[in-house]
Amino acid sequence: MEGITALIRLPGLQVDWQTLLTVNLPILVAVIIAVPAALVGYTLGAEFLVKRLPKRSQPSVRPWVWVGPAILIVGLILVYPMVGTIIRSFFDRGGSKFVGLDNFVRMLTDNGVLIALRNNVYWLVLYTGLVLVFGLLLAVLSDRVRYEKPVKSLIFMPMAISFVAMAIIWQFVYYYKDPSEPQTGTLNAILVNIFHGQPITWIQDTRFNNFALILIGVWGATGFAMVILSAALKGIPGELLEAARVDGATELTIFRRIILPLMMPTIVVVGTTMVIFALKAFDVVYVMTAGNYNTDILARRMYSELYNAGNNANASALAVILLLAVVPVLIFNLRQFRAVEARR
Amino acid sequence: MGRLIRVVALVSSAILGLTACGASNSAAGKIGGTVHVLGTWTGNEKDAFDAVMKPFTDQTGVKISFEATRDLNAILQTKVAAGNPPDVTGAPGIGTLIKLARAGKIVTLDDKLDMSQLNANYGADWINLGKIDGKLYTLYAWAALKGLVWYDPKAFAAKGYQVPKTWDELIALQTKIKSDGGKPWCIALESQAASGWPGSDWVKEIVLSQSGPTVYDAWWQGKQKWTSTEIKQAWQTWGQILGPNDSNVYGGSQYMGATTFGDGGQGLFASPPKCYMFNQGSFITSFFDGYTPKPTAGTDYAVFPLPDVNSANAGAHVLAGDAFVMTKDTPQARALMKYLATADAQDIWVKRGGGKIAINKQVSLNDYPDPISKALAQVVISTKIGRYDAGDLMPSDMQAAYWSAVLKFVQNQSQLDSILSDLDKKQATAYASS
Numbered sequence: 001m002e003g004i005t006a007l008i009r010l011p012g013l014q015v016d017w018q019t020l021l022t023v024n025l026p027i028l029v030a031v032i033i034a035v036p037a038a039l040v041g042y043t044l045g046a047e048f049l050v051k052r053l054p055k056r057s058q059p060s061v062r063p064w065v066w067v068g069p070a071i072l073i074v075g076l077i078l079v080y081p082m083v084g085t086i087i088r089s090f091f092d093r094g095g096s097k098f099v100g101l102d103n104f105v106r107m108l109t110d111n112g113v114l115i116a117l118r119n120n121v122y123w124l125v126l127y128t129g130l131v132l133v134f135g136l137l138l139a140v141l142s143d144r145v146r147y148e149k150p151v152k153s154l155i156f157m158p159m160a161i162s163f164v165a166m167a168i169i170w171q172f173v174y175y176y177k178d179p180s181e182p183q184t185g186t187l188n189a190i191l192v193n194i195f196h197g198q199p200i201t202w203i204q205d206t207r208f209n210n211f212a213l214i215l216i217g218v219w220g221a222t223g224f225a226m227v228i229l230s231a232a233l234k235g236i237p238g239e240l241l242e243a244a245r246v247d248g249a250t251e252l253t254i255f256r257r258i259i260l261p262l263m264m265p266t267i268v269v270v271g272t273t274m275v276i277f278a279l280k281a282f283d284v285v286y287v288m289t290a291g292n293y294n295t296d297i298l299a300r301r302m303y304s305e306l307y308n309a310g311n312n313a314n315a316s317a318l319a320v321i322l323l324l325a326v327v328p329v330l331i332f333n334l335r336q337f338r339a340v341e342a343r344r
Numbered sequence: 345m346g347r348l349i350r351v352v353a354l355v356s357s358a359i360l361g362l363t364a365c366g367a368s369n370s371a372a373g374k375i376g377g378t379v380h381v382l383g384t385w386t387g388n389e390k391d392a393f394d395a396v397m398k399p400f401t402d403q404t405g406v407k408i409s410f411e412a413t414r415d416l417n418a419i420l421q422t423k424v425a426a427g428n429p430p431d432v433t434g435a436p437g438i439g440t441l442i443k444l445a446r447a448g449k450i451v452t453l454d455d456k457l458d459m460s461q462l463n464a465n466y467g468a469d470w471i472n473l474g475k476i477d478g479k480l481y482t483l484y485a486w487a488a489l490k491g492l493v494w495y496d497p498k499a500f501a502a503k504g505y506q507v508p509k510t511w512d513e514l515i516a517l518q519t520k521i522k523s524d525g526g527k528p529w530c531i532a533l534e535s536q537a538a539s540g541w542p543g544s545d546w547v548k549e550i551v552l553s554q555s556g557p558t559v560y561d562a563w564w565q566g567k568q569k570w571t572s573t574e575i576k577q578a579w580q581t582w583g584q585i586l587g588p589n590d591s592n593v594y595g596g597s598q599y600m601g602a603t604t605f606g607d608g609g610q611g612l613f614a615s616p617p618k619c620y621m622f623n624q625g626s627f628i629t630s631f632f633d634g635y636t637p638k639p640t641a642g643t644d645y646a647v648f649p650l651p652d653v654n655s656a657n658a659g660a661h662v663l664a665g666d667a668f669v670m671t672k673d674t675p676q677a678r679a680l681m682k683y684l685a686t687a688d689a690q691d692i693w694v695k696r697g698g699g700k701i702a703i704n705k706q707v708s709l710n711d712y713p714d715p716i717s718k719a720l721a722q723v724v725i726s727t728k729i730g731r732y733d734a735g736d737l738m739p740s741d742m743q744a745a746y747w748s749a750v751l752k753f754v755q756n757q758s759q760l761d762s763i764l765s766d767l768d769k770k771q772a773t774a775y776a777s778s
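So the sequence lines, in the order shown, correspond to chains S and Y.
So the first sequence is numbered by the numbering used here: it starts at 1 and just counts up by one.
So the second sequence is numbered by the numbering used here: it starts at 345 and just counts up by one.
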């Protein structure tokens, strides 16, 4: 009797079909039909109007008509909040009293923020550097072996994992147990059993923890760098390398004098992208330490100012500091990107 | 078959209980529709919640759409700010709820619940805990008791240790354990974004028992400085428990920081024991159930309340529990809030164990599944000075700073003065309304 009811009701699989299949029909229709229709209508209508203009002014008007909607949307969801944040960073918590640079002064003299700034520099240098070095090494070395594809797939795989899941996986790697017990964390097990050392609390020990966290980020991003750098490598004409070999150049010289210079624009683009990633880093620190043990970084501090403290003033000031740090990199990145495109 | 009868009895009593208090707005009892609930429960706790909700859905036809998050404050604030709040929220702390109540974003319950019935079933302390600025906003459906010391009676018997009745006896016991070559305590502080909270429990239990409810209330309300004699003394008293360089604690600060709070009790059951005592709230038994081999309540573990530090405050206990609020006023949400206050709902929670203790006085002591939880329920009933978890009452950034301070303190106890003055700085800004 009980078995039958269990079979019918499948206790572990109580799918609530009614909720699952409930759709908001007007919104669904709007998204599937109305949005594309409006876009097509806009383009056709605008083109119709542009055609009415005198022939001479058509070329100068058309681009604006095409790019207009994009500018509108970017303005609405990017520029407007950005300007709002900048304005808010000069006001008090309630947003009513102008306080000048007070928020910035308070944030930049806060010990916690200073530690976060220092850690952001660690992330900037180590994360970017290691991702580039490993990415380049893997791209160049895997280019020379028959099993390139499986190797690259394996290394790219962490990109498919969310940062949070990644942090959970690495908790097992960094797991610590008292020296009197057998170590079950991968790293401490190696340290104790092979090198006969003392186990280390990788996440709590302030000598290592920032590097331990950065390594997680590096593991996650190396595959991305490798794939892009590998594509650039494949773009180098084979004749060039062959000519160099005929002239008697060693493989190392070829790498240094031919491959590296030709790949440089791509390396710079990947590097600046990593710099932006490093400044935006949040998830790993949030999940692993919540910024404790001197591992805080600006983005996480901003989050806690906003959601824990509900302090718009401090959060906006930190957002502006981050923005100021990212903008130059962003501009440099775009310039380089254009340079790469121009060379193609 | 026996089980079936019990379930039927339970469901029908739930129906009777509900129609008794909900007859005015639904004669047939079937409301239908859905109620969106935001909470923090996953795993066992979610299963328990589902079990509690089943009779409610069966009787009223109201479906429960549940969303779980471990970062409830952030999610709730975002949803409210976006104009898309859940109908009912079960929050582990009320710092954020106070803010929302003052902003008029949650619904008062005085005029929605049958207050005379609630007054009859709930102790005045528990109703007062739900009030913000004099109005009832939050409702507690179960309580957890904090400040409990878990131990293995077999290990105590083997060494001839006695359960300490006074604070002095506790200190004498830890000295004796140390001189026998053992470690008195296991303490585990890791809890991801909330790391450090188990240590904050120690401090708040000591504050309440050492300096009394007046200081305790002023402290969580932000009117008592962290650097004041009373609060500093509480930290120092905890420092005595930890010992110089945390030498009274198994594994020292490294183990404390790296070990997840739920695993902290494992050391009690090792052979030989890695430690003899472990201070955690009543909910910890649900973690004990996950250990291998599974320890048995009564034979493998027993419990005594942390002795009174100051006999003037005898019978003081820190309590906690999920605070339920109505974040949107719908008929379904009202029905759910009414149901949560009933003995029938709380009975289901209590019977499933996990250290939950009913607040509704109609729940029978015989419904507790094992002698330990029954004993804890008796402690709650006989509590003379009951206070809600101070950390959960503080603004959430004050609470987060408190947790971080614990982690710093166990790393280096001599930093206490600078840790406390940092907390004072936080206190100066955290309580200012936005």
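Here a beta-carbon is modelled for each residue, glycine too, at the ideal position from N, C-alpha and C.
Item to complete: Keeping to the same chain, check which residues put their C-beta closer than 7 Å to that of residue 695(Y); ignore five residues upstream and five downstream.
Response: Cβ-Cβ distances below 7 Å link residue 695(Y) to 711, 713 in the same chain, with the five nearest sequence neighbours on each side left out; the list follows chain order.
Item to complete: Establish whether the CB of residue 760(Y) and some CB of chain S are separated by less than 8 Å.
Response: It does not: the Cβ of residue 760(Y) has no partner Cβ on chain S nearer than 8 Å.
Practice prompt. Using 10 angstroms around the beta-carbon of residue 77(S), count the other beta-carbons present and answer buried if the total reaches 16, otherwise exposed.
Written response: Counting Cβ neighbours within 10 Å, residue 77(S) comes out exposed, since fewer than 16 surround it.
Worksheet item: Using a threshold of 7 Å, is the CB atom of residue 766(Y) nearer than that to any non-hydrogen atom of the ligand NAD?
Response: No copy of the ligand NAD occurs in the structure displayed, which carries no ligand at all.
Item to complete: Quick one: which residues of the region 275-286 of chain S get their C-beta closer than 7 Å to a C-beta of chain Y? List them in chain order.
Response: Answer in chain order: 286.
Fill in: Inter-stretch contact at 8 Å, needing at least 3 Cβ pairs: the region 104-117 of chain S / the region 242-250 of chain S
The region 104-117 of chain S is not in contact with the region 242-250 of chain S.
Worksheet item: When you compare only the Cα positions, how much space is there between residue 491(Y) and residue 21(S)?
Response: Their Cα atoms are separated by approximately 47 Å.
Worksheet item: Can you tell me the Cα-Cα spacing of residue 254(S) and residue 238(S), whole angstroms?
Response: About 12 Å.
Practice prompt. Name, please, each residue of chain Y whose Cβ falls closer than 9 Å to the Cβ of residue 24(S).
Written response: None at all; the shortest Cβ gap to chain Y is about 13 Å.
Worksheet item: Which term fits residue 154(S), buried or exposed, when burial requires 16 or more other beta carbons within 10 angstroms of its beta carbon?
Response: Residue burial annotation: residue 154(S) is exposed, with fewer than 16 other C-beta atoms found within 10 angstroms of its C-beta.
Discussion item. Distance check for residue 500(Y) and residue 398(Y), CA to CA, integer angstroms please.
Written reply: The C-alpha of residue 500(Y) is placed about 43 Å away from the C-alpha of residue 398(Y).
Worksheet item: Are the region 472-480 of chain Y and the region 438-457 of chain Y touching, with three or more C-beta to C-beta distances below 8 Å?
Response: Three or more Cβ pairs drawn from the region 472-480 of chain Y and the region 438-457 of chain Y lie within less than 8 Å of each other, which places the two stretches in contact.
Discussion item. Considering Cα atoms alone, identify which of 686(Y), 688(Y), 707(Y), 662(Y) is closest to residue 734(Y).
Written reply: It is 662(Y).
Worksheet entry | Nonlocal neighbours in the same chain, by C-beta distance under 6 Å from residue 209(S), ignoring five residues either side | Here the set comprises 203, 293, 295.
Discussion item. Three or more C-beta pairs under 8 Å: does that hold for the region 264-273 of chain S against the region 182-190 of chain S?
Written reply: No: the two stretches stay apart, fewer than three of their Cβ pairs being nearer than 8 Å.
Practice prompt. Tell me whether residue 350(Y) sits in a helix, a strand or coil according to DSSP, three-state version.
Written response: In this prediction, residue 350(Y) scores a pLDDT of 49, lower than 50, which makes its location untrustworthy; no coordinate-derived value is stated.
Item to complete: Alpha carbon to alpha carbon, how far is residue 564(Y) from residue 509(Y)? Give it in angstroms, no decimals.
Response: The C-alpha of residue 564(Y) is placed about 28 Å away from the C-alpha of residue 509(Y).
Worksheet item: Hey, residue 740(Y) and residue 417(Y) are a contact pair by Cβ (cut 8 Å); roughly how many whole angstroms apart?
Response: The pair is a contact, with the Cβ atoms about 5 Å apart (cut-off 8 Å).
Worksheet item: Where do the N-terminal and C-terminal ends of the alpha helix (DSSP H) with residue 242(S) fall, by residue?
Response: That run of the alpha helix (DSSP H) goes 238-246.
Practice prompt. Check whether the region 426-438 of chain Y touches the region 675-686 of chain Y, taking contact to mean three or more Cβ pairs, one atom from each stretch, closer than 8 Å.
Written response: With the cut-off at 8 Å, the region 426-438 of chain Y and the region 675-686 of chain Y touch.
Worksheet item: Listed from N- to C-terminal order along the chain, which residues in the region 421-450 of chain Y have their beta-carbon within a distance smaller than 7 Å of any beta-carbon of chain S?
Response: Answer in chain order: 421, 443.
Item to complete: Under 9 Å between beta-carbons, which chain Y residues line up against residue 42(S)? List them in chain order, please.
Response: Residues of chain Y passing the Cβ test: none, with the nearest at roughly 28 Å.
Item to complete: Can you give me, in chain order, the residues of the region 737-754 of chain Y that have a beta carbon less than 7 Å from any beta carbon in chain S?
Response: Taking 7 Å as the cut-off between beta carbons, the residues of the region 737-754 of chain Y near chain S are 740, 741, 744, 748, 751, in sequence order.
Worksheet item: Nearest to residue 606(Y) by alpha carbon, out of 551(Y), 514(Y), 541(Y)?
Response: The option with the nearest alpha carbon to residue 606(Y) is 541(Y).
Discussion item. Let me check understanding here. Comparing Cα to Cα, which of 568(Y), 439(Y), 631(Y), 559(Y) lies closest to residue 532(Y)?
Written reply: The candidate whose alpha carbon is nearest that of residue 532(Y) is 631(Y).
Worksheet entry | Assigned exposure category for residue 32(S) - 16 Cβ within 10 Å defines buried | Per the 10 Å Cβ criterion, exposed.
Item to complete: Ignore the nearest five residues each way along the sequence and tell me which others in residue 589(Y)'s own chain have a CB closer than 6 Å to its CB.
Response: Only residues of its own chain outside the window of five on either side were considered, and among them none has a CB closer than 6 Å to the CB of residue 589(Y).
Item to complete: Enumerate in chain order the residues of its own chain whose CB-to-CB distance from residue 320(S) is below 7 Å, with the five nearest sequence positions on each side excluded.
Response: Counting only Cβ-Cβ distances below 7 Å, and skipping sequence neighbours, we find 85, 86, 89.
Fill in: Beta-bridge partners of residue 378(Y), as assigned by DSSP
As a beta-bridge residue in DSSP terms, residue 378(Y) pairs with 407(Y).
Discussion item. Going by C-alpha to C-alpha distance, which of 322(S), 333(S), 335(S) sits closest to residue 108(S)?
Written reply: Checking every option, the nearest Cα to that of residue 108(S) belongs to 322(S).
Practice prompt. For residue 258(S), I'd like the list of residues in its chain whose CB is within less than 7 Å of its CB, leaving aside the five on either flank, ordered along the chain.
Written response: Around residue 258(S), the same chain offers 240, 241, 244 as residues with beta carbons nearer than 7 Å, after the five sequence neighbours per side are excluded.
Worksheet entry | Members of the region 178-190 of chain S that neighbour chain Y once the beta carbon cut-off is set at 7 Å | Within the region 178-190 of chain S, the residues whose Cβ lies closer than 7 Å to some Cβ of chain Y are 178, listed in chain order.
Worksheet entry | Cross-strand partners of residue 604(Y) (DSSP beta bridge) | According to the DSSP secondary-structure assignment, residue 604(Y) is paired through a beta bridge with 534(Y).
Discussion item. Please report the straight-line C-alpha distance between residue 172(S) and residue 183(S), rounded to a whole angstrom.
Written reply: Cα-Cα distance, rounded: 11 Å.
Discussion item. So, at 7 Å on beta carbons, what are the nonlocal neighbours of residue 396(Y) in its own chain, with the 5 sequence-adjacent residues on each side left out?
Written reply: 689, 692, 693.
Discussion item. Three Cβ pairs or more, each shorter than 8 Å: is that satisfied between the region 400-409 of chain Y and the region 379-387 of chain Y?
Written reply: When C-beta atoms of the region 400-409 of chain Y are compared with those of the region 379-387 of chain Y, three or more pairs fall below 8 Å, so the two segments count as touching.
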